[in-house]
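First comes the structure, then the notes that go with it.
Chains as they are written, first to last, in our numbering: chain A, 1 to 275; chain B, 1 to 428.
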């Protein structure tokens, strides 16, 4: 059965519209970052650059601490993601498989972490971290990022684990595998798309986290990208070229991550959705 | 004799590390400022390096912060014992730290510096209340009217001096896709500043009565808002979300014929045509019946936070160093054309006027300095400074009042009355 031509055209137009809606801002940022300053702010915007320069990138990497912020962000996001997964996997498996008193209550309680806006816990957390010498140290951010990503990660992974047929686990048990061995050698490979989804979620959460990073970090050398970059841009006078170049570079790690495990992420999303 | 010599040598040997230890004990000062753009950080570092080299017993380090976070971050850091020894400030930031007991008056120090450098009175006034002076003024920023001389000439327009002339000029310049004026209407500090620039020229300078009650809701304030809302109709549609950068871009791209801004010099020079002869700057026009031109001015200052006497003295030494004419110009010119001197000798300093950008735009800079002499800041006028101004300013109630008119369609009378109610609410 073939689709009417009019219907196909309407569908394509619709798709093109939404693709443009999502893609044009990225196109604008990327092309703007290689335009001359005068063209960036020109009264009549140019979608195709009439000029080409790398001066904004040059300034970004040579005259600012952007590379330092970038490295800090990569460290914080990567380590936060790793710890989130390392903690969420056994926790999710425990909530899924083990029977212990208060399991259902604990499972629901962990989501209470999202009941408090981060700004509410910011100052008490600052005082706490100051007492243990964690202020102005990247581990403080990793700790916070993991704490805030963990509840959702556990919930999501548990729903993926619930989708694995029980017979597979039983077969492993029959072969004498321990719970940890089942998790490591059976369940983890089977929920790889779910792990990819949670990993991307944890990475992006840490990559874009602003509130805690802005207060818990005091020195320039320890700043992460969102905070450091907002300072580079300036308040009264904005260097638009620098802003666009910095924004372009900032999306690269996220795009790279999606490119690497994007297929797993999409598959993970759909699998999680039908549980 | 030999034994004595040995003993002396042994004593000297024992003393040497101790002496070296004393010599190595340096006073460490942490400076927080909010001048984060790389070129400003670099200039501050150059000055710090020069100071550290000249004062081997003191080590100053800088930790640039962001205005967006420092209001919450500084009190938290100070409470946790992680705060700075020197912290840059604007007038409405100081009461917050004063209220938590982080500040001691620096009146004597300011008087000493005043005798030497002669501070602009309004700069000191903004930090003088409750029987003390709570910060040392460092630089000034004042709002001005920026335009292109050639655009005015082509339209046959003289520089406006009154509101009627201003409106007529903006209307005449609104043609061929150009907006006669670019005014913000965002709920943000920039709008607070531009609205107050109208208010001071409309006879609505004071927002407090002498007894601390609010007098925001008065006919002069209402008239100022009405006029602002009228002028805003000639601004771009997206100006309801503008901050300073968007206004500058609008002017630089010739989309706006006039803007109110502290300075457009750097952007005009790097992102527009950069023709110094064509860049016009004037005092903000005043309402009919009012006399003299006024503007909003922000005297930025530095607060000395250390309770440790040796550190406090070292911090004073550093501030004195910055205000010395041979250093002061370099400090101000971390952003040429934006930061203006707050001392008489600083305004004449060779180090200030020798900067290539300042030389190029000398006439504009001179006008800006002159305009700043009539600077006022809401909540810091006529000695009527009350702690609630910090909350009023932090919540951008002046800008919110404007949004109620231009976005929510309230009348100026309704919006100003609601604005006063909000101010009274947050002041409690």
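Here a beta-carbon is modelled for each residue, glycine too, at the ideal position from N, C-alpha and C.
- The alpha carbon of residue 253 of chain A has as its nearest neighbour, out of A:14, A:62, A:74, the alpha carbon of A:74.
- Taking CB atoms only, residue 93 of chain B has no neighbour in chain A less than 8 Å away.
- The DSSP-derived three-state label of residue 342 of chain B is coil.
- For the segment 12-45 of chain A, the set of residues with a beta-carbon nearer than 7 Å to any beta-carbon of chain B comprises 37, 38, 41, 42, 43, in chain order.
- Note that the C-beta distance between residue 336 of chain B and residue 266 of chain B is below 8 Å.
- Neighbours of residue 207 of chain A in chain B, taken as residues whose beta carbon is under 7 Å from its own, are absent, since the nearest beta carbon is some 19 Å off.
- The DSSP-derived three-state label of residue 336 of chain B is coil.
- Between residue 190 of chain A and residue 196 of chain A, the alpha-carbon positions lie close to 12 Å from each other.
- Rounded to the nearest whole angstrom, the C-alpha separation of residue 381 of chain B and residue 249 of chain B is 32 Å.
- In this structure, B:282 is the residue among B:397, B:282, B:259, B:307 with its C-alpha nearest to the C-alpha of residue 363 of chain B.
- The alpha carbon of residue 247 of chain B has as its nearest neighbour, out of B:75, B:145, B:109, B:149, the alpha carbon of B:145.
- In this structure, residue 303 of chain B sits near residue 89 of chain B, with a CB-CB distance shorter than 8 Å.
- For residue 338 of chain B, the closest Cβ of chain A is nearer than 8 Å.
- Non-local beta-carbon contacts of residue 347 of chain B in its own chain, meaning distances under 7 Å to residues more than five positions away in sequence, involve 341, 369 in chain order.
- Runs of alpha helix (DSSP H) with 4 or more residues, each lying fully within the segment 289-318 of chain B, are absent.
- Taking every protein chain shown into account, the CB of residue 51 of chain A has fewer than 16 other CB atoms within 10 angstroms, so this residue is exposed.
- Under the three-state reduction of DSSP output, residue 127 of chain B falls in the coil class, being neither helix nor strand.
- As the crow flies, the alpha-carbon of residue 144 of chain A is around 32 Å from that of residue 240 of chain A.
- The alpha-carbon separation between residue 229 of chain B and residue 42 of chain A amounts to approximately 27 Å.
- Within a 10 Å sphere around the beta-carbon of residue 356 of chain B sit fewer than 16 other beta-carbons, which makes this residue exposed.
- Contact of residue 28 of chain B with chain A by beta-carbon distance below 7 Å is absent, the smallest such distance being about 13 Å.
- DSSP places residue 167 of chain A in the helix class (H, G or I) of the three-state scheme.
- Taking C-beta separations shorter than 7 Å and ignoring five residues to either side along the sequence, the partners of residue 187 of chain A in its chain run 93, 161, 164, following chain order.
- Nearest to residue 312 of chain B by C-alpha distance, out of B:227, B:60, B:395, is B:60.
- The beta carbon of residue 314 of chain B lies closer than 7 Å to those of 27, 29, 58 in the same chain, with the five residues before and after it left out.
- Of the residues A:260, A:35, A:216, A:10, the one whose Cα lies closest to the Cα of residue 131 of chain A is A:216.
- Residue 137 of chain B has its alpha-carbon roughly 11 Å from the corresponding atom of residue 128 of chain B.
- Per DSSP, the unbroken beta strand (DSSP E) holding residue 137 of chain B starts and ends at 136-142.
- Secondary structure at residue 67 of chain A: helix, using DSSP grouped into helix, strand and coil.
- The Cβ atoms of residue 375 of chain B and residue 290 of chain B do not sit closer than 8 Å to each other.
- Residues of the segment 219-245 of chain A that bring their beta carbon within less than 8 Å of a beta carbon in chain B comprise 219, 220, 227, 230, 231, 232, 233, 234, 235, 236, 237, 238, 239, 240, in sequence order.
- With respect to residue 62 of chain B, residue 48 of chain B sits close: the two C-beta atoms are nearer than 8 Å.
- For residue 31 of chain A, the enclosing alpha helix (DSSP H) begins and ends at 5-32.
- Separation of residue 250 of chain A and residue 224 of chain A (C-alpha to C-alpha, rounded to the nearest whole angstrom) is 11 Å.
- Measuring C-alpha to C-alpha distances from residue 40 of chain A to each of A:256, A:192, A:243, A:137 identifies A:243 as the nearest.
- Of all C-beta pairs linking the segment 167-178 of chain A to the segment 111-124 of chain A, fewer than three are shorter than 8 Å, placing the two stretches out of contact.
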